[in-house]
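What follows is a set of notes on a single structure, which appears directly below.
In the working numbering, the protein residues as written are 92 to 222.
Structure follows, in structure tokens:
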């Protein structure tokens, strides 16, 4: 059983494009990798358009090469609100990640909502202080 996530990018037209990631979707793993390895608009857009990733790696091509499924299309949502409301419904994603053009945000969907987006970087720093 995996901790799944949706990894998304906010598009200039207001839509959101997202990729499903099956394993290690929690903040300390996927959140950290997104912040450290996919923290530019180009890299965020590329990972959000991948369609399906079994497990996120530091390099997108490695992530794709090691994925169980290939040739799956990304999911498009009409807005950030639509992504927050319906992102969990796509394969029961436990975490939603969104790059807004400048920073990564996340929401945990493991409660009944409403889900609020929080900045990944600030939460990683808080986890390190607590450790």
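C-beta atoms are modelled at their ideal positions from N, C-alpha and C, and glycine is treated no differently. All values derive from a computational prediction rather than experimental measurement.
- Rounded to the nearest whole angstrom, the CA to CA distance from residue 188 to residue 173 is 14 Å.
- Here residue 111 is actually not in contact with residue 198; their C-beta atoms are around 15 Å apart, not less than 8 Å.
- Judged by beta-carbon spacing, residue 176 lies beyond the 7 Å limit of residue 139, meaning their Cβ atoms are not closer than that value.
- Pairing residue 154 with residue 144 gives a Cβ-Cβ distance under 7 Å.
- Residue 171 is positioned such that its CB atom lies closer than 7 Å to that of residue 107.
- In this structure, residue 163 keeps its C-beta atom at 7 Å or more from the C-beta atom of residue 178.
- DSSP places residue 201 in the coil class of the three-state scheme, outside both helix and strand.
- In the three-state reduction of the DSSP assignment, residue 128 falls in the helix class.
- A Cβ-Cβ contact shorter than 7 Å links residue 147 with residue 124.
- Between the alpha carbons of residue 192 and residue 93 lies a gap of roughly 28 Å.
- For residue 122, the secondary structure class from DSSP, reduced to helix, strand or coil, is helix.
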